[in-house]
């Protein structure tokens with residue numbers, strides 16, 4: 001985890017201060033990928049792009065908004081990228097065999113505050129979401145099996161924030 005964070009900072013030096021707390025917690029605290037670790041822990045998401053740079057978003061029955069597939073790292077996950085791929089399969093029914101990871105490093109790491117959930121005795125904490133960029137080969141996705149999942153493709157111009165900026169830069173580089 002620490003090695004990944006340091007390599008990410010090397011590639012994104014402007015984000016050093018953003019990840020400082022994560023590195024300190026990883027060095028001196030409990031396992032940073034455990035969902036019970038507070039004040040922060042790591043989560044993963046997958047940004048799947050089509051050959052024409054459309055981005056896949058999903059929405060489940062209980063989800064109020066469209067989002068990238070992702071979530072917590074499970075104990076059986078072998079890596080953060082593995083966790084992101086698992087969520088992509090579970091939440092979007094995407095067969096990962098036809099995907100090409102852009103890197104073993106995340107394209108983006110962003111901290112998000114999470115409200116306390118008193119019913120679960122979960123305090124307010126922070127999710128450091130590691131987002132991995134994956135490219136879809138030239139074949140279309142299969143049909144959904146009707147598990148209450150919806151998916152859609154959006155233009156990278158509609159992806160906001162730091163992640164959207166990074167995706168637009170990657171898209172421009174790919175077209176050169």
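Residue numbers (the UniProt record's numbering): 1 to 176.
All C-beta atoms in this analysis are idealised placements derived from N, C-alpha and C, irrespective of residue type, glycine included.
Query                                                                                                          : Result
CA-to-CA distance, residue 2 to residue 148, given in whole angstroms                                          : 37 angstroms
Short Cβ contact (8 angstroms threshold) for residue 124 with residue 116                                      : yes
Residue ranges of each alpha helix (DSSP H) within the UniProt domain "Nudix hydrolase" (41-159), 4 or longer  : 80-92
Contacting residues, own chain, Cβ-Cβ under 7 angstroms from residue 154 (five flanking each side not counted) : 54, 55, 57
Segment limits, alpha helix (DSSP H) that includes residue 173                                                 : 161-174
Closest by C-alpha distance to residue 170, when choosing among 119, 106, 152                                  : 106
Span separating the alpha-carbon of residue 48 from that of residue 113                                        : 24 angstroms
Within 8 angstroms, strictly: CB atoms of residue 72 and residue 37                                            : no
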